[in-house]
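The working numbering puts the sequence shown at residues 551 to 714.
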Amino acid sequence: ELAASAKDEQIKAAARGILEKLSLSGSKPDIKFTAVDGREVDLQKMNGKVVLVDFWATWCGPCVAELPNVKAAYEKLHPKGFEILGISFDNTKGKLTSFIKKENMTWPQYFDGKGWQNDFGQRFGINSIPAMWLINKKGELVDMNARANLEQKVEALLAEGSEG
551 ELAASAKDEQ
561 IKAAARGILE
571 KLSLSGSKPD
581 IKFTAVDGRE
591 VDLQKMNGKV
601 VLVDFWATWC
611 GPCVAELPNV
621 KAAYEKLHPK
631 GFEILGISFD
641 NTKGKLTSFI
651 KKENMTWPQY
661 FDGKGWQNDF
671 GQRFGINSIP
681 AMWLINKKGE
691 LVDMNARANL
701 EQKVEALLAE
711 GSEG
């Protein structure tokens with residue numbers, strides 16, 4: 551109701567974003583793109599993997615501050631089936647590509663140059679970054695705030711279904 555009746559466009563957008571996020575929990579987000587390095591990415595073809603979807607930008611201080619934790623988890627757990635998809639809110643491709651090269655971020659990055667109007671950001675109601683989602687081995691969105699204790703969360707999801 552608020553999403554439809556609010557007069558202020560920012561309030562409408564925020565309400566729509568919250569509703570979108572609430573409806574996403576447990577869903578299988580459709581994330582498909584060509585990465586800046588040319589790789590074809592399709593989240594729905596990554597079943598059996600635990601995937602971090604990292605909504606971020608090079609100009610976002612908290613995003614950059616989180617990078618050492620993300621890289622440590624990736625280096626430790628990638629061989630066990632952990633993948634990362636970066637969704638960049640940058641406006642300039644050159645800045646993004648030089649940053650990911652300098653930081654040795656080997657996972658695929660989505661870039662459309664639209665900044666806050668980023669296609670995936672709009673579709674999934676992302677209105678602040680960093681936003682980190684965890685997708686389980688079944689392709690289901692299970693955590694929309696994966697920053698805290700990322701490594702432990704990924705390890706727990708990797709262990710799911712491998713007990714028996």
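All C-beta atoms, glycine included, are put in the ideal place defined by N, C-alpha and C. A quick note: this is a predicted structure, and the numbers were derived from the prediction, not measured.
Residue from the options whose Cα sits closest to the Cα of residue i
i	options	result
residue 644	618, 584, 661, 599	661
residue 633	711, 675, 682	682
residue 684	699, 618, 648	699
residue 623	657, 588, 688, 579	657
residue 587	655, 680, 598	655
residue 578	590, 603, 589	603
residue 620	697, 708, 598, 679	697
residue 596	707, 693, 686	686
residue 672	598, 637, 708	637
CA-to-CA distance, residue j to residue i, given in whole angstroms
i	j	result
residue 650	residue 695	23 Å
residue 691	residue 581	12 Å
residue 616	residue 670	21 Å
residue 593	residue 703	19 Å
residue 653	residue 701	19 Å
residue 710	residue 605	25 Å
residue 630	residue 677	32 Å
residue 675	residue 666	11 Å
residue 659	residue 585	5 Å
residue 628	residue 589	17 Å
residue 679	residue 610	7 Å
residue 639	residue 613	11 Å
residue 642	residue 664	9 Å
residue 626	residue 583	26 Å
residue 689	residue 618	25 Å
residue 706	residue 601	13 Å
residue 708	residue 599	8 Å
residue 591	residue 693	21 Å
Local Cβ density within 10 Å of residue i, reported as buried at 16 or more and exposed below that
i	result
residue 668	buried
residue 648	exposed
Cβ-Cβ separation, residue j to residue i (assumed contact under 8 Å), whole Å
i	j	result
residue 608	residue 635	Wrong, their Cβ atoms sit about 16 Å apart, outside the cutoff.
CB contact below 8 Å: residue i versus chain D
i	result
residue 647	Looking for chain D here will not work: only one protein chain is present.
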